[in-house]
Structures are given as structure tokens and as C-alpha cells.
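Participant:
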DNA sequence: AAATTTTGTTAGAGTTATCTAACTTTATAT
DNA sequence: ATATAAAGTTAGATAACTCTAACAAAATTT
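Chains as they are written, first to last, in our numbering: chain A, 1 to 218; chain B, 1 to 218.
#1: Give a yes or no on whether the C-beta atoms belonging to residue 85 of chain A and residue 121 of chain A are separated by under 8 Å.
#2: Which bits of chain B does residue 60 of chain A rub up against, with CB to CB less than 7 Å?
#3: Report all residues from its chain with a CB closer than 7 Å to the CB of residue 137 of chain B; omit the five preceding and five following residues, and keep chain order.
#4: Going along chain B in order, which residues have a C-beta closer than 9 Å to the C-beta of residue 73 of chain A?
#5: Are residue 215 of chain A and residue 156 of chain A close, meaning C-beta to C-beta below 8 Å?
#6: Near residue 217 of chain A, what residues of its chain come up, given a Cβ to Cβ distance below 6 Å and the 5 sequence neighbours on each side ignored?
#7: For residue 113 of chain B and chain A, any beta-carbon pair shorter than 8 Å?
#8: Check distances from the C-beta atoms of the stretch 114 to 145 of chain B to those of chain A and list, in chain order, the residues that come in under 8 Å.
#9: Please determine, among A:181, A:145 and A:34, the residue with the shortest C-alpha to C-alpha distance to residue 208 of chain A.
#10: Using the Cβ count rule (16 or more neighbours within 10 Å means buried), how would you classify residue 57 of chain B?
#11: Run through the stretch 140 to 180 of chain A for me and flag every whole beta strand (DSSP E) of 3 or more residues, listed as ranges in chain order.
#12: Is there a Cβ from chain B that is less than 8 Å from the Cβ of residue 193 of chain A?
#13: I think residue 52 of chain A touches residue 43 of chain A, with their Cβ atoms under 8 Å apart; what is that distance to the nearest whole Å?
#14: I need the boundaries of the alpha helix (DSSP H) containing residue 204 of chain A, first residue and last residue.
#15: Identify which residue in A:79, A:36, A:191 and A:46 has its Cα closest to the Cα of residue 67 of chain A.
#16: Do you know offhand how far residue 25 of chain A's Cα is from residue 60 of chain A's?
#17: With C-beta atoms as the reference, is residue 103 of chain A less than 8 Å away from residue 76 of chain A?
#18: Using the beta-carbon of each residue, which ones in chain A are nearer than 9 Å to residue 237 of chain B?
#19: Can you list, in chain order, the residues of its chain whose CB lies under 7 Å from that of residue 90 of chain A, leaving out five sequence neighbours each side?
#20: Grab me the residues of residue 118 of chain A's own chain with a C-beta within less than 8 Å of its C-beta, minus the 5 sequence neighbours each way, in chain order.
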């Protein structure tokens, strides 16, 4: 049986492979906060599962089976997050740590039931897509709020990064998925944006925030 | 942080201590299906946590802290089982294996929320009491069906053992918690009982079954 | 092109949880 | 009360996962 440890390496590899296609041992090492020799050793295990192709001194390549196996863990993670929010009343900033543990549970029926009870949700509480049972993932296309221009109306459909701190910041400004922003102005100096939405006629969002909000035009 | 492995030793110790007060290394060894030297080594870990008192060649004694720590794991297990049945539509025969994994999750909020959503249940789906947050457990007193006599009317309030096979047997006879039996006759030869309940005017239950049904007079 | 930095590997060791084999202690039976 | 059986311990080994120190290879800089 695959250990949680191995599953976490696979998840990290998948995440980095989505950003860069090729992944270094060093990158994995800092992503997982373990030493490079530890990653080096673990690569052998991943290779034995057929999840990665590796030759000495070359970058890691995730195989199709690796991609699928990782997506299925992600599926468990995101179904759990959605279940915790939708069916158990947790806030979107509380669910990541719990899902980090629940995702390793070996009980397909549990996740199938969550899926069913929520009527097969397509995204998690942060707008990230939930892979299907075959590990296929449909990424809705969206742009960063920062890429839009004055006058545009856009709806928040997902978040780029979902740290607790960022989620709490959004809570404090009453920003949630599906919030519709109208861009009032863009500050040239620091790329901050002034937007209006719902009961907030004028709110300034820093560039850092605008880069993390994924929106689509409405 | 306490590993699941250690938690499983503690659980087993707690279970055996409820049956015998004093527990042998050998008993633990066969309960957990690990070798005696392995148990021997683990006892040192349990001792370091202050969960057990041990001197060479003497039986193990669970401490009060050990009892409490074990009860809190049992609490997580039983809340999970009840949640799976009550809120997720699982059958009582499906939940043990899942709860066996979920009980090791370190997220008090998850279990508090289950508790709250179910309005603080007192028993799990098999009628076993759910320990409170301080590890206190209220054992309802009950007798085995086999200890009752012809003519008595009794209600099923819990099960002694909850193997999947036994639970499936009960399902097949439409027996569930709160089923009220009237004892029609007792067979001297094999101690089987003929009972009537609900839509079953006459059903024969073997002694083995009658010993596993915990009932109270109605 | 050589020097430096970054990246990757090897070697050796520690921890946790497990095993078997061999031995000792305690309990049981004749 | 001695022999046998059961229970417990010690020693030594293994597997998974981690580390640091030292070295080698590859990439980058000057």
C-alpha cells in the first residue's frame, strides 16, 4: 500500500510539473522541506510505481500514470474541502489542513459518497477544479484580476494561492467566489486597483491581491 | 506527535483492560497481530507517555491518563461511525474500516463539528457509548438476550461484537437497534431462542447470536 | 576558459516499527 | 518438586524515511 509520505511526494511533483513541465530534485526538496538526498532516495520509489521517469542528473518527468495517481489524490483533497464547507459548515480558510490528512484515507466509498451528497461538484471551495474519477481535470480558463482594465466587470471564479492569511483577508473584505467586481481605476505607481462590488462602493486591492484573484468577464 | 501505530496499541490495551483489568504482553501481541518483542518495545513508548505502568515480567496496567487518551480516540472513532451512518447514508456494517482510519486524524474541530451536527449523540451505530470530550464514558447497563426468559419483552440497545458478517446477518433478519423482541421459547438442546418482532412472527436465533445482542426490558 | 555556484549523489547514521532466533523467567502439570 | 509449557526479554536484522558531511557533475559567471 502506498504510504502518505509517498503520496505527498507525488502531489508535490504534480504541482511543480504543472508549473514547469520538468522538475528538479532541488525544487521538490524545497517544496516538501526535506533534504535533497531524501528526495533522491524517494525518486526510486516513485520510479518503481511507474510514476516518474528519471536518469541521473536529469530533471524528473511525471508519467501519465503518475499524473493520474496524483490527480486522484487531489480529487480526494478537493472533495473533502468542498464537503467540509458545504456539508459541515467550515470556512474556506479552515479546510486545507484537515483535507491534507483526509486525502490519504483509503476508502473510495467515502469520497464517492461525498461526491454524490454534493451532487458532483466541479470545483472546490477555492474554485480549483475537482478531477474526475479517471483523474481528468477541466481547468476553466480565467485571467488574473490584475490583467484586466478599468471599466471591466469581472466575476471571481478561483484563487491562485489559498493561504489561510489570504483567505482571511478576503473574508475581511466580504470577497468570496462569484463576487462581481467593477474596476474603477488602476494606480500606475503600484498597480493597485480600486474596485467596487456589492456593498463596497470603493475598495483598494494591492497588486499582490489582484494577482491572486482569478476572474472571468461578465 | 503520536503516531497511528502508537494510538492503535493504546486502543488495544484499553479494550483488553476493559475485559481483564490486567493485560499481558502476549494478549496485546495476539490482539494486534504483532510479535511479542514488538509489543515489548512499544510498551516503553506507552510508558513514556505515562499511559501504562510496567515492570518486567509483570502484567501491564493502564493509567488514568492512558484510559483517557484511549477514550478520546474511541470518541473520534464512534463519532465518525455515527456521522457516516446518520449524515452520509452508510450502513452500520460499512463504517468500521473507514472510522479505523479517520480516528487518527488530528483535527479536533472536525470531530467537534460532527458531534454538533448530530446534536451530541450518546451512542454509535452499534449502540456503543461515545465518550465525552473529557474521556468519560457512560455505559448503559444491559443484558445479553440469552440471559432473558420466555415471555419477556426486550429492546435491542447495543451489540457485543460488531463484525461485518454479524451485522449483515442482522440486516438479513431486519434486526436493528430499538427492535423489540418477545421471547417465544428457548430450546434447551442448543440454547437457541424463538422470538417475534415487527413483521417477523417467528424467528429462531442461535445462542451465538443471542449472546451478542444486548437488550433491556421494556 | 577558468572559477564559482548550484545541483545532484554517495556514504554513513538515526528513528520508528517490525521481524526471527535464542535465551530467561514465570506458571502449570504431572 | 521437577519437568514442561507459556510468557517475556535480548540481540540482531530489515524496511521506510529522514538527516549531515563530503564529494561529483552541471550550470553560471566573470
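For every residue, glycine included, the Cβ atom is placed at its ideal position computed from N, Cα and C.
If you're wondering where the values come from, they're calculated on a predicted model, not measured in any experiment.
Facilitator: This is what the structure gives:
#1: As a position in the first chain, residue 85 of chain A is number 85, starting the count at 1. As a position in the first chain, residue 121 of chain A is number 121, starting the count at 1. No, these two residues do not count as a Cβ contact at 8 Å.
#2: As a first step, residue 60 of chain A must be located in the first chain, where it is residue number 60. Within 7 Å of the CB of residue 60 of chain A, no CB atom of chain B is found; the nearest one sits about 29 Å away.
#3: Position 137 of the second chain, counting from 1, holds the residue named residue 137 of chain B. If we look at residue 137 of chain B and ignore the five residues flanking it on each side, its Cβ neighbours are 71, 129 and 131.
#4: Residue mapping note: residue 73 of chain A aligns to position 73 of the first chain, counting from 1. Those do not exist, as residue 73 of chain A stays about 15 Å from chain B at its closest Cβ, beyond 9 Å.
#5: Residue numbering aside, residue 215 of chain A sits at position 215 when the first chain is read from its first letter. Residue numbering aside, residue 156 of chain A sits at position 156 when the first chain is read from its first letter. Result yes, Cβ atoms of residue 215 of chain A and residue 156 of chain A sit closer than 8 Å.
#6: What you label residue 217 of chain A is simply residue 217 of the first chain in a count that begins at 1. When the five nearest sequence neighbours on each side are left out, the beta carbons in the same chain lying within less than 6 Å of the beta carbon of residue 217 of chain A are those of 154, in order along the chain.
#7: By one-based count along the second chain, residue 113 of chain B stands at place 113. It does: the Cβ of residue 113 of chain B has a partner Cβ on chain A nearer than 8 Å.
#8: Residues 114 and 117.
#9: Position 208 of the first chain, counting from 1, holds the residue named residue 208 of chain A. Ranking the options by Cα distance to residue 208 of chain A, first place goes to A:145.
#10: Residue mapping note: residue 57 of chain B aligns to position 57 of the second chain, counting from 1. Exposed is the call here.
#11: Within the stretch 140 to 180 of chain A, the complete beta strand (DSSP E) runs of at least 3 residues are 153 to 159.
#12: Against the first chain, residue 193 of chain A aligns to sequence position 193. For residue 193 of chain A, the answer is no, since every Cβ of chain B falls outside 8 Å of its Cβ.
#13: As a first step, residue 52 of chain A must be located in the first chain, where it is residue number 52. As a first step, residue 43 of chain A must be located in the first chain, where it is residue number 43. Contact between residue 52 of chain A and residue 43 of chain A holds, with the beta-carbon distance rounding to 7 Å and staying under 8 Å.
#14: Along the first chain, one-based indexing puts residue 204 of chain A at 204. Unbroken run through residue 204 of chain A is the beta strand (DSSP E), 200 to 205; no alpha helix (DSSP H).
#15: On the first chain, residue 67 of chain A is found 67 positions in, with the first residue counted as 1. That would be A:46, whose Cα lies nearest to the Cα of residue 67 of chain A.
#16: In the first chain, the residue the question calls residue 25 of chain A occupies position 25. In the first chain, the residue the question calls residue 60 of chain A occupies position 60. Their Cα atoms are separated by approximately 7 Å.
#17: Within the first chain, the letter at position 103 stands for residue 103 of chain A. Within the first chain, the letter at position 76 stands for residue 76 of chain A. Here residue 103 of chain A is near residue 76 of chain A, since their CB atoms are less than 8 Å apart.
#18: As shown, chain B starts at 1 and ends at 218. That puts residue 237 of chain B outside it, with no answer to give.
#19: In the first chain, counting from the first residue as 1, residue 90 of chain A sits at position 90. If the five residues before and after residue 90 of chain A are omitted, its C-beta is found closer than 7 Å to the C-beta atoms of 84, all from its own chain and listed in chain order.
#20: Residue numbering aside, residue 118 of chain A sits at position 118 when the first chain is read from its first letter. Cβ neighbours of residue 118 of chain A beyond the five flanking positions: 79, 82, 83, 86 and 87.
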